[in-house]
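Under our numbering, the first residue of the sequence shown is numbered 4, with each subsequent residue one higher.
Cβ atoms here follow ideal geometry from the backbone N, Cα and C, with glycine treated the same way.
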Amino acid sequence: MALEVAYTSAMPETLWLFADPREVDGLAWGPARHSVVGVGKVAAAIATTELLIAARPELVIVVGVAGTLDPSLAIGALVSVAADGLGDEGVETPEGYLSTEALGMVGPPPLRADARYVDRFAARFGAPAVNAVTVSTCSGTDARAREVAARSGAQIETMEGAAIAWACRRRDVPWASLRTISNRTGDRANAGWDLARARTSLVTAVAALLREGI
Numbered sequence: 004m005a006l007e008v009a010y011t012s013a014m015p016e017t018l019w020l021f022a023d024p025r026e027v028d029g030l031a032w033g034p035a036r037h038s039v040v041g042v043g044k045v046a047a048a049i050a051t052t053e054l055l056i057a058a059r060p061e062l063v064i065v066v067g068v069a070g071t072l073d074p075s076l077a078i079g080a081l082v083s084v085a086a087d088g089l090g091d092e093g094v095e096t097p098e099g100y101l102s103t104e105a106l107g108m109v110g111p112p113p114l115r116a117d118a119r120y121v122d123r124f125a126a127r128f129g130a131p132a133v134n135a136v137t138v139s140t141c142s143g144t145d146a147r148a149r150e151v152a153a154r155s156g157a158q159i160e161t162m163e164g165a166a167i168a169w170a171c172r173r174r175d176v177p178w179a180s181l182r183t184i185s186n187r188t189g190d191r192a193n194a195g196w197d198l199a200r201a202r203t204s205l206v207t208a209v210a211a212l213l214r215e216g217i
């Protein structure tokens, strides 16, 4: 994966990561190092690890869109991820979902983002701090969305965040994440998808950080 050779001068040596280039379409990155990691936990974990070894950044910032599990978060809203955890490592049973912990195995706990940037994003953009859950299968029914929200305590759902966070932890690199809400989780007919609005909100915020520093 090609990386540009310089960083913006107004921030620590930062690596910007996103799952799909369409999430940041139209953003002028300038000299900032950035890369696509791909959709899903495995792709994101492998790509992030390779990039951390090659680039040796001081900070990773994950940007992208997300589905909201919390009806109070509006489509297009900007949020800052305070913590992200793996949400479907376990087994479905007739009695319901059992996590790895419930099965007697050691499960991966949620990982917290660097609090300095959570606070800065909140102060700068009014982006509330939320908990995220990273899943392999997104919540495409209302029942699934309610169940995932109840057991995870998360407000948003992604497919890569926690995998990137774990790669950062293994390399001892702090991370932060800025997301915009593209849809409501649950029945897709009522999801209110608006990728254009979410992308515009995200690109505007990231452009300001690249231009003015974090």
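Subject >> Chain-order list of residues whose beta-carbon lies under 7 Å from that of Gly-156 (same chain, five-residue window excluded) >> reply: For this step, residue 156 is matched to residue 153 along the sequence shown. So the qualifying residues of the chain are Asn-134.
Subject >> Residues near Leu-205 in its chain [Cβ-Cβ closer than 8 Å; skip 5 each side] >> reply: Here the question's residue 205 lines up with position 202 in the sequence shown. Excluding sequence neighbours, Leu-205 sits near Glu-26, Val-27, Val-66, Gly-67, Val-68, Leu-81, Leu-181, Arg-182 and Thr-183.
Original post:
Do Thr-188 and Ala-130 come within 8 Å of each other at the CB atom, strictly closer than that value?
Top reply: As a position in the sequence shown, residue 130 is number 127, starting the count at 1. As a position in the sequence shown, residue 188 is number 185, starting the count at 1. No.
**OP:** State the CB to CB distance for the pair Val-121 and Ala-165, rounded to an integer number of angstroms; the pair is presumed to be in contact (CB under 8 Å).
**Re:** Taking the first residue of the sequence shown as 1, we reach residue 121 at position 118. Taking the first residue of the sequence shown as 1, we reach residue 165 at position 162. About 16 Å; that fails the 8 Å criterion.
Subject >> Ala-35 versus Glu-16 - alpha carbon distance >> reply: Counting from 1 along the sequence shown, the entry for residue 35 is found at position 32. Counting from 1 along the sequence shown, the entry for residue 16 is found at position 13. If I take the Cα positions, the gap works out to 9 Å.
Original post:
So what's Glu-95 in DSSP terms, helix, strand or just coil?
Top reply: As a working note, residue 95 is residue 92 in the sequence shown. In the structure shown, Glu-95 falls within a strand segment according to DSSP collapsed to helix, strand and coil.
Original post:
With distances taken from CA atoms, which of Thr-52, Ala-126, Gly-99 and Gly-88 is nearest Ala-116?
Top reply: If you number the sequence shown from 1, residue 116 lands on position 113. Nearest option by C-alpha distance: Gly-88.
Subject >> 8 Å CB neighbourhood of Arg-2 in its chain, flanking five on each side removed >> reply: Residue 2 is absent from the structure shown; the chain starts at 4 and stops at 217.
**OP:** Please list, in chain order, all residues of the same chain as Ala-168 whose beta carbon is under 6 Å from its beta carbon, the five residues on each side excluded.
**Re:** Against the sequence shown, residue 168 aligns to sequence position 165. Closer than 6 Å at the Cβ level, and outside the excluded window around Ala-168, lie Asp-87, Leu-114 and Trp-178.
Original post:
Exposed or buried, which one is Met-108 when buried takes at least 16 other CB atoms within 10 Å?
Top reply: Here residue 108 refers to the residue found at position 105 of the sequence shown. Exposed is the call here.
Subject >> Nearest residue (CA-CA) to Val-138, options Asp-145, Val-42 and Arg-214 >> reply: To locate residue 138, count along the sequence shown from 1; it is residue 135. Of Asp-145, Val-42 and Arg-214, the smallest CA-CA separation from Val-138 is found for Val-42.
Subject >> Candidates Tyr-100, Ser-83 and Val-209, of which the one nearest Thr-161 by Cα >> reply: On the sequence shown, residue 161 is found 158 positions in, with the first residue counted as 1. For Thr-161, the nearest C-alpha among the options comes from Ser-83.
Original post:
Could you check where the alpha helix (DSSP H) with Ile-17 kicks off and where it finishes?
Top reply: The residue given as residue 17 occupies position 14 in the sequence shown. Note on identity: in this sequence residue 17 is Thr, with Ile being the wrong assignment. From DSSP, Thr-17 is part of no alpha helix (DSSP H) but of the beta strand (DSSP E) over 17-21.
**OP:** Can you check DSSP and say which residues form a bridge with Ala-132?
**Re:** The residue labelled residue 132 in the question sits at position 129 within the sequence shown. Beta-bridge pairing links Ala-132 to Ser-83.
Subject >> Close Cβ partners of Leu-55 (< 8 Å) along its chain, the five nearest in sequence each way excluded >> reply: Here the question's residue 55 lines up with position 52 in the sequence shown. Counting only residues of its own chain and dropping the five nearest sequence neighbours on each side, Leu-55 has a CB closer than 8 Å to the CB of Leu-18, Val-63, Ala-170, Cys-171, Arg-174 and Val-176.
Original post:
What is the C-beta distance between Gly-79 and Ile-159, in whole angstroms, given that I count them as a contact (C-beta under 8 Å)?
Top reply: Position 76 of the sequence shown holds residue 79. Position 156 of the sequence shown holds residue 159. Taking the Cβ atoms as the reference, Gly-79 lies roughly 13 Å from Ile-159, outside the contact range of under 8 Å.
Original post:
Quick one: Cα of Glu-150 to Cα of Val-94, how far?
Top reply: For the purposes of this step, residue 150 is identified with residue 147 of the sequence shown, where counting begins at 1. For the purposes of this step, residue 94 is identified with residue 91 of the sequence shown, where counting begins at 1. Near 14 Å, if we compare the C-alpha coordinates of Val-94 and Glu-150.
Subject >> Val-27: first and last residue of the uninterrupted beta strand (DSSP E) it sits in >> reply: As a first step, residue 27 is located in the sequence shown; it is residue number 24 there, counting from the start. No beta strand (DSSP E) contains Val-27, which DSSP labels as neither H nor E.
**OP:** Give the DSSP-derived three-state secondary structure of Arg-255 in the structure shown.
**Re:** The chain is shown only over 4 to 217; residue 255 falls outside these bounds and no answer can be derived.
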